[in-house]
Amino acid sequence: MNITAINLQTEDKFDLPTSGDGNWMDWLATQGYLIHDRISLGYIALELYCCEGSGIYALYHPSLQGLRTACLFFNIPTEDAAQDLIDLAQQMVVIVESLDLDGAGQVSWIA
């Protein structure tokens with residue numbers, strides 16, 4: 003299984019494995035990113051990373067309730083820009099939780 007990595011400044015995208023050699027955590031480490039904070043959003047947590055000395059950030063966003071939303075934003079220019087992404091993720095969690103999703107990631111219209 004892979005995770006999509008998105009360069010926030012260039013919008014380039016590529017896939018990284020979620021586990022094993024060359025996984026996204028290894029990739030972050032080789033780029034100089036260190037864990038900076040974990041932000042709890044109920045049943046998931048975002049992970050904020052900072053590239054030491056440069057003030058550039060990365061944000062790992064896990065999947066939500068069976069939706070394939072897992073991604074890694076990197077090359078985030080400021081902590082304020084990272085906070086904007088965190089705010090959007092918080093809004094998305096509220097929206098997804100308000101839907102009645104079945105296990106297949108489909109909206110269930112049957113009460």
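To convert, count from 1 in the sequence shown and add 2; that's the numbering used here.
Virtual Cβ for every residue (Gly too), placed ideally from N, Cα, C.
Since this is a predicted model, take the numbers as computed values, not measurements.
Can you give the Cα-Cα distance for residue i and residue j, rounded to whole angstroms?
i, j, result
"residue 111", "residue 96", "Interpretation of residue 111 is limited by its pLDDT of 40, a score under 50 that renders its predicted location unreliable; no figure is taken from the coordinates."
"residue 99", "residue 91", "12 Å"
"residue 34", "residue 59", "10 Å"
"residue 42", "residue 11", "26 Å"
"residue 27", "residue 40", "14 Å"
"residue 23", "residue 93", "33 Å"
"residue 75", "residue 82", "14 Å"
"residue 56", "residue 16", "23 Å"
Once the 5 residues before and after residue i are set aside, which same chain residues still bring their CB inside 7 Å of it?
i, result
"residue 72", "5, 63, 64, 65"
"residue 29", "18"
For the putative contact between residue i and residue j, defined by C-beta atoms under 8 Å, what is the C-beta separation to the nearest angstrom?
i, j, result
"residue 1", "residue 77", "The shown model of the chain, from 3 to 113, leaves out residue 1, and the question about it has no answer."
"residue 36", "residue 88", "With 8 Å as the limit, residue 36 and residue 88 do not qualify as a contact, their Cβ atoms being about 18 Å apart."
"residue 84", "residue 50", "6 Å"
Within 10 Å of its beta-carbon, does residue i have 16 or more other beta-carbons around it, so buried, or fewer, so exposed?
i, result
"residue 31", "exposed"
"residue 101", "exposed"
Ordered along the chain, which non-local residues of its own chain (more than five positions away) have a Cβ less than 6 Å from that of residue i?
i, result
"residue 20", "3, 5"
"residue 113", "Bear in mind that the predicted position of residue 113 carries a pLDDT of just 36, short of 50, making it too unreliable to give a figure here."
"residue 46", "64"
- prompt: What are the start and end residues of each continuous alpha helix (DSSP H) run of 4 or more residues lying completely inside the segment 9–79, in chain order?
  reply: 26–32
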